[in-house]
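What follows is a short report on a single structure.
There are 6 protein chains.
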Amino acid sequence: MRPSGRAPDQMRELRFEPGFTKHAEGACLVSFGETRVLVTASVEEKVPPFLRGKGQGWVTAEYGMLPRATHTRGNREAAKGKQSGRTQEIQRLIGRSLRAVVDLSKLGERQIVIDCDVIQADGGTRTASISGAWVALRIAADKLLASGALTVDPIVTQVAAVSCGIYEGTPVLDLDYIEDSSAHSDGNFVLTGDGAIVEAQLTAEGATFDEEGLLRLLRLAKIGCSDIFAAQLKAAGK
Amino acid sequence: MRPSGRAPDQMRELRFEPGFTKHAEGACLVSFGETRVLVTASVEEKVPPFLRGKGQGWVTAEYGMLPRATHTRGNREAAKGKQSGRTQEIQRLIGRSLRAVVDLSKLGERQIVIDCDVIQADGGTRTASISGAWVALRIAADKLLASGALTVDPIVTQVAAVSCGIYEGTPVLDLDYIEDSSAHSDGNFVLTGDGAIVEAQLTAEGATFDEEGLLRLLRLAKIGCSDIFAAQLKAAGK
Amino acid sequence: MRPSGRAPDQMRELRFEPGFTKHAEGACLVSFGETRVLVTASVEEKVPPFLRGKGQGWVTAEYGMLPRATHTRGNREAAKGKQSGRTQEIQRLIGRSLRAVVDLSKLGERQIVIDCDVIQADGGTRTASISGAWVALRIAADKLLASGALTVDPIVTQVAAVSCGIYEGTPVLDLDYIEDSSAHSDGNFVLTGDGAIVEAQLTAEGATFDEEGLLRLLRLAKIGCSDIFAAQLKAAGK
Amino acid sequence: MRPSGRAPDQMRELRFEPGFTKHAEGACLVSFGETRVLVTASVEEKVPPFLRGKGQGWVTAEYGMLPRATHTRGNREAAKGKQSGRTQEIQRLIGRSLRAVVDLSKLGERQIVIDCDVIQADGGTRTASISGAWVALRIAADKLLASGALTVDPIVTQVAAVSCGIYEGTPVLDLDYIEDSSAHSDGNFVLTGDGAIVEAQLTAEGATFDEEGLLRLLRLAKIGCSDIFAAQLKAAGK
Amino acid sequence: MRPSGRAPDQMRELRFEPGFTKHAEGACLVSFGETRVLVTASVEEKVPPFLRGKGQGWVTAEYGMLPRATHTRGNREAAKGKQSGRTQEIQRLIGRSLRAVVDLSKLGERQIVIDCDVIQADGGTRTASISGAWVALRIAADKLLASGALTVDPIVTQVAAVSCGIYEGTPVLDLDYIEDSSAHSDGNFVLTGDGAIVEAQLTAEGATFDEEGLLRLLRLAKIGCSDIFAAQLKAAGK
Amino acid sequence: MRPSGRAPDQMRELRFEPGFTKHAEGACLVSFGETRVLVTASVEEKVPPFLRGKGQGWVTAEYGMLPRATHTRGNREAAKGKQSGRTQEIQRLIGRSLRAVVDLSKLGERQIVIDCDVIQADGGTRTASISGAWVALRIAADKLLASGALTVDPIVTQVAAVSCGIYEGTPVLDLDYIEDSSAHSDGNFVLTGDGAIVEAQLTAEGATFDEEGLLRLLRLAKIGCSDIFAAQLKAAGK
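Chains as they are written, first to last, in the numbering used here: chain S, 44 to 281; chain L, 44 to 281; chain C, 44 to 281; chain F, 44 to 281; chain A, 44 to 281; chain Y, 44 to 281.
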């Protein structure tokens with residue numbers, strides 16, 4: 044039995060609150076159960092140096108966790124003077140995941156910066172971030188299309204992410220903090236709207252898994268992402 | 044006329060949402076109109092090195108602004124690798140303001156860390172932070188009292204803060220972003236529950252003011268803080 | 044009785060030694076009693092990025108303390124790799140104070156950088172810095188006027204600063220280190236040549252003060268600044 | 044056809060040169076074709092703070108690239124003052140991979156630090172690092188066993204890593220730089236001596252892959268790791 | 044002819060003003076002509092970690108340059124967040140030079156930190172620093188001897204430093220800024236009270252020199268140091 | 044007797060392995076006995092800002108030590124976030140030494156960056172670095188000459204470096220780690236192909252030396268550099 048009483052292939056309650064803050068071109072407060080991440084998409088009329096003059100755009104992401112988003116207070120990265128390896132790993136993953144579903148050549152020479160700030164953490168902050176980021180990005184792109192700044196939609200399809208792992212011997216979907224802390228193997232899958240894999244990251248801590256295990260986790264991920272895709276569309280008003 | 048249509052001595056709508064996040068010993072989402080700050084109070088059973096073994100506690104504060112809390116995106120301080128002078132100035136002010144109403148000798152050898160993270164900025168983020176911090180601190184202290192960790196209340200009185208300034212020649216209370224951008228002189232007052240001054244900071248940019256102007260701003264601040272004190276008590280369930 | 048035997052409204056001995064070093068366009072060693080600060084004004088024929096092409100100038104300030112300017116040696120900020128929050132707060136205050144009396148549009152596209160380095164500290168280093176900075180700035184501007192680089196004087200009026208506080212129940216002027224260490228409430232006032240307020244910062248540590256207290260400190264500040272204004276003019280050869 | 048003329052399931056020439064340097068308890072120069080990484084294992088009689096007094100050991104890894112290991116010179120991370128996100132991601136992966144095959148409770152309160160420094164890069168530096176690290180670790184553990192510092196072997200099994208990817212439509216093993224630069228999807232697999240998965244990381248850049256693709260890459264990885272396991276044993280003198 | 048009109052073996056005017064500041068155990072403002080350095084010696088009742096419990100003391104040095112000590116303003120190292128290679132090189136040299144004439148075993152477990160801050164630079168700041176540091180150290184040691192904290196004098200002999208170089212083909216002593224800028228070869232010699240060499244650093248920029256040239260510079264250095272030794276003794280009241 | 048059994052004026056075995064790595068325009072693994080340094084010369088078609096548009100080139104150097112190049116592991120400078128003073132001192136010395144034998148005006152507006160990375164340390168890493176750097180530079184320049192990018196040779200003569208010191212009372216050449224650790228006085232000499240001095244750095248730790256001692260060390264250095272010059276030419280195929 045899962046601590047939350049959920050079925051093995053059951054997601055936590057999903058919530059996408061578009062427009063949670065007002066300044067960003069796209070904004071969304073995403074909740075995977077008790078995990079809550081504020082995602083904003085900021086449109087900037089410039090690109091990073093390596094893309095200047097190439098006629099294409101860029102999508103990048105930054106990630107942060109409020110100091111007391113967690114059970115015990117973590118040190119503020121701004122005060123420590125550097126971002127942890129974990130933070131950098133996550134923000135690189137978010138950026139790659141989004142770029143996989145954006146046709147950068149249709150974006151023009153502009154950059155969309157995604158900020159994912161974890162307000163409250165209960166496992167799965169990176170998967171909630173990616174899933175919420177698509178909604179913020181969608182809203183920002185719609186705004187650019189509505190204003191005429193863009194004439195064709197640069198977003199090719201949806202993207203969502205979810206974690207899966209082996210909890211007490213059973214493959215389960217969307218691990219919360221308690222499950223995550225004791226899972227021997229877990230992974231994150233980033234899938235596109237049509238179920239293809241964009242990213243897969245699996246780690247066996249103190250255990251290992253085989254081909255069969257890998258496939259079972261992937262199948263759970265597909266189930267979870269279906270739910271997320273539906274909720275994303277609704278939140279984005281599609 | 045103020046852009047918002049408010050009377051000169053009228054605060055923006057005040058909102059204190061205690062318990063906005065669940066992990067911290069005290070938490071509060073404070074809104075001064077469109078300015079929204081998430082404040083948490085974290086109790087740590089240790090004190091900074093300079094206080095070890097002295098039998099007293101400490102209250103300190105950190106402040107941050109989400110990158111897109113503002114009209115245009117600001118760089119993330121964690122990514123830049125340092126906190127700006129403005130950030131440090133504000134967090135020092137918040138810490139001093141709270142310590143002014145806490146009897147540290149009654150806190151035992153523990154530290155309460157206040158985190159103020161601006162979710163959305165529209166002027167007055169430091170005054171909203173101080174005002175919300177008192178609520179988070181009050182909740183955390185109540186929890187320590189309820190659990191028996193504390194037997195006497197270390198909080199001596201309330202503390203609140205509000206900005207005032209001269210907008211188009213008229214002294215006004217609680218400036219929003221538009222007013223703040225064009226005000227020639229403004230200041231922040233931190234007052235205690237009985238109206239005494241804890242901190243006062245006044246700056247005349249491109250103009251100056253005299254004794255009379257200083258007193259008019261102080262009187263507006265007292266009006267504003269009365270409203271805040273009432274709202275704080277209600278939020279803290281007193 | 045004050046430890047120094049001074050009357051409550053009596054400044055420490057003021058000394059301004061213009062030209063203490065030779066390379067800077069303006070230089071002054073200012074002493075408020077035993078507090079000594081070397082201030083230089085460096086003219087640079089460029090402006091910060093945010094002002095480029097706007098046809099106006101800029102005045103900014105940096106502040107530092109020699110490691111053994113104080114009773115016990117402090118760590119060198121260059122060795123620690125960052126400036127403290129206190130340092131940043133002070134240098135921002137110095138910069139704002141000077142800009143309040145300079146018409147930046149008359150400066151042309153050039154920047155004057157004020158460096159305030161504390162040689163010996165005995166309380167009031169920031170107020171001595173601001174007061175000395177005006178002299179260094181005045182000398183530098185005179186040099187620009189003499190050379191024809193400037194044709195109209197960009198300095199509108201004088202600016203000076205002084206601290207005041209409640210020492211053992213009595214409001215006193217220009218606190219030295221001993222007084223400063225035990226004062227319950229103190230503040231720094233920055234005033235213009237005609238007595239108007241440019242900046243006021245008051246802090247009540249462990250105590251509070253009221254409207255009446257605030258006004259008494261301000262009146263002391265006006266007395267102190269009168270003395271400083273006279274000494275500044277003499278030092279600048281006016 | 045692969046640029047190197049290799050068959051799709053063919054590794055580059057593998058070379059492990061144990062004892063390439065003399066000071067470290069374990070050392071190995073590993074070559075995957077033209078990719079060469081110097082790996083050292085340093086035994087330290089202390090553990091990180093979070094493990095003190097817990098009676099167990101730790102294995103951690105650091106990774107670096109000599110500035111001109113690459114086609115064009117990269118900036119030295121020591122000169123830039125920080126390690127890139129990529130570097131941190133890789134060194135975290137190396138550490139996790141090794142810990143997966145070490146019984147830390149059998150290591151005693153000591154730490155083994157693995158340093159992987161890329162002398163020459165031609166694709167697959169992280170997989171060469173992990174594979175070579177096992178040899179350095181094995182040599183260091185043998186030294187501890189021989190000296191009596193350890194009485195039971197803490198290394199549970201072998202660990203090796205290899206990359207796979209889709210190059211011009213064909214799944215291929217152990218990508219070199221040319222292949223890596225143009226592959227649309229690739230991944231790194233870390234496998235144990237008995238073929239179980241310890242880590243899997245797959246990224247589809249500009250393309251995606253499905254379940255079938257994932258399995259084909261995994262099967263290639265198993266082939267590659269068999270070769271590596273054999274070469275590791277030989278190098279370690281088993 | 045030298046720009047200053049000095050003879051080739053003539054030092055600039057030497058001045059040592061002991062007690063220039065009051066807080067440090069030893070202090071001295073040293074002038075080599077227009078080069079002026081404030082040196083303080085701070086006694087700390089602790090040693091660096093690597094010497095703890097070894098019953099001996101330590102002498103170390105830090106060096107800094109005020110931003111406008113030079114012809115054009117240099118960036119403040121505290122603001123840049125790091126000390127330049129030049130600064131580190133100089134402070135290491137100062138520390139080694141002083142330790143060469145101190146019997147650390149007679150110092151007890153205490154550290155003397157020398158701070159050399161250049162108030163005005165005109166060539167030879169490192170040699171002035173070393174020469175002045177001996178005076179500050181001497182004063183601090185005398186204070187420790189007078190107070191009974193030390194019973195035997197840990198300072199073995201005097202140490203002084205001076206620069207020499209080939210200016211327009213002629214070997215000259217104690218180069219000022221103009222000479223230093225155009226000298227093809229120059230060096231710094233650190234000598235003890237009896238004329239032995241503690242440190243010698245020679246650099247030929249764009250030229251080279253031979254054995255004979257080396258010896259001629261060394262002989263000039265001996266002449267210069269004689270003058271410095273005499274002035275040091277007088278300043279230290281010996 | 045020297046621990047290695049060498050004669051006082053005998054170098055360790057010298058080895059220069061050109062082309063040790065393949066990407067750099069010039070590369071060389073230099074060994075002075077057990078001290079091994081990988082040196083690369085990277086040609087970049089740009090110059091540092093202070094030389095832009097001046098029609099001349101630049102040669103600069105960076106130095107690093109692999110963490111376990113030494114007897115006990117040193118912390119990685121990239122992980123610590125800064126280069127030590129020792130590292131900066133050495134890389135500045137390498138750069139100056141090479142520039143002394145290059146006619147920068149013949150290099151065109153390009154920069155050659157020398158990277159010296161110590162693979163294994165046993166004393167004399169800086170002298171091995173300089174000596175090996177000349178070989179890497181020579182190879183890179185030959186490549187530029189062969190390709191027609193350069194038409195005249197910018198390298199004026201050879202440069203080499205070697206250490207000398209007083210070991211147990213006897214002046215010896217090319218100190219290894221054991222000798223270096225106990226030598227009371229030592230120095231590094233950088234000489235040109237015709238025996239002239241480019242740099243000389245001598246330090247007497249706990250002892251001093253006189254004119255005669257200085258000359259004896261210099262004469263040893265000339266002997267050592269003769270050997271190095273011959274080996275360099277052979278390695279560079281001259």
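Think of the CB as a built atom: it goes at the ideal place given N, C-alpha and C, for glycine as much as any other residue.
DSSP places A204(C) within a strand segment (E or B) once states are collapsed to three.
For D219(S), no CB of chain L lies under 8 Å from its own CB, so it is not counted at the interface with that chain. For Q201(L), same chain residues with a beta-carbon under 8 Å away, outside a window of 5 residues either side, are V144, W177, T235, G236, F272, Q275 and L276 in chain order. By the C-beta density criterion, E56(A) is exposed, having fewer than 16 other C-beta atoms within 10 angstroms. Contact between T251(A) and V241(Y) holds: CB atoms are separated by about 6 Å, below the 8 Å threshold. Per DSSP, the continuous beta strand (DSSP E) segment holding S228(C) begins and ends at S228 to T235. Closer than 8 Å to the CB of V241(A) there is at least one CB belonging to chain Y. Between M108(L) and the set L141(L), E87(L) and V161(L), the nearest pair of CA atoms involves V161(L). Among the residues of chain F, none has a CB under 9 Å from the CB of G76(Y); the nearest is roughly 12 Å distant. If you look at T170(A), you'll find it in the alpha helix (DSSP H) that goes T168 to S190.
For the stretch 108-131 of chain A, the beta-carbon criterion of a distance under 9 Å to any beta-carbon of chain Y is satisfied by K125, Q126, S127, G128, R129, T130 and Q131.
In the three-state scheme derived from DSSP, where H, G and I count as helix and E and B as strand, G107(L) is classed as strand. S172(Y) has a beta carbon lying at 8 Å or more from every beta carbon in chain F.
Shown here, A247(C) sits in a strand according to DSSP, grouped into three states. Following the DSSP letters along the chain, one finds A84(F) inside the beta strand (DSSP E) bounded by residues T78 to E87.
Ranking P46(C), H114(C) and G62(C) by CA distance to the CA of A279(C) puts G62(C) first.
G69(C) is bridged by DSSP to A84(C).
Taking all protein chains shown into account, R181(S) has 16 or more neighbouring C-beta atoms within 10 Å of its C-beta and is therefore buried. As the crow flies, the alpha-carbon of G128(Y) is around 11 Å from that of L136(A). For F59(A), the closest of D52(A), E68(A) and V73(A) by C-alpha to C-alpha distance is V73(A).
Looking at the DSSP output, R58(Y) bridges to S74(Y). Sequence-distant partners of V205(F) (beyond 5 residues in either direction) whose C-beta falls short of 7 Å from its own C-beta, in its chain, are T170, L216, D217, F232, A264, G267, C268 and I271. Where Q131(L) is concerned, the enclosing alpha helix (DSSP H) starts and stops at G128 to R142.
Going by beta carbons, G124(F) and G124(Y) fall inside the 8 Å limit. By the neighbour-count criterion, in which a residue is buried when 16 or more other Cβ atoms sit within 10 angstroms of its Cβ, P197(Y) is buried. In chain order, L258 and L261 make up the part of chain C whose C-beta sits under 7 Å from the C-beta of E254(L). Of the candidates T115(C), T64(C), E77(C) and R45(C), T115(C) places its Cα closest to the Cα of G69(A). Beta-carbon to beta-carbon, V82(L) and G175(L) are separated by about 4 Å, close enough to satisfy the 8 Å threshold. Secondary structure at L193(L): coil, using DSSP grouped into helix, strand and coil. Taking a contact as a CB-CB distance under 8 Å, the pair S224(S) and G208(S) does not count as one, their CB atoms being some 11 Å apart.
In the three-state DSSP reduction, Q275(Y) falls in the helix class (H, G or I).
When the beta-carbon positions are compared, Q131(C) and Q244(L) stay at least 8 Å from each other. Per DSSP, D223(A) is one residue of the alpha helix (DSSP H) stretching across Y220 to S225. Within chain A, no residue has its beta carbon less than 7 Å from that of T83(Y); the closest one is some 21 Å off.
Beta-bridge pairing by DSSP links C159(C) to V82(C) and Y106(C). Here the C-alpha atom of A192(L) lies approximately 30 Å from the C-alpha atom of G166(S).
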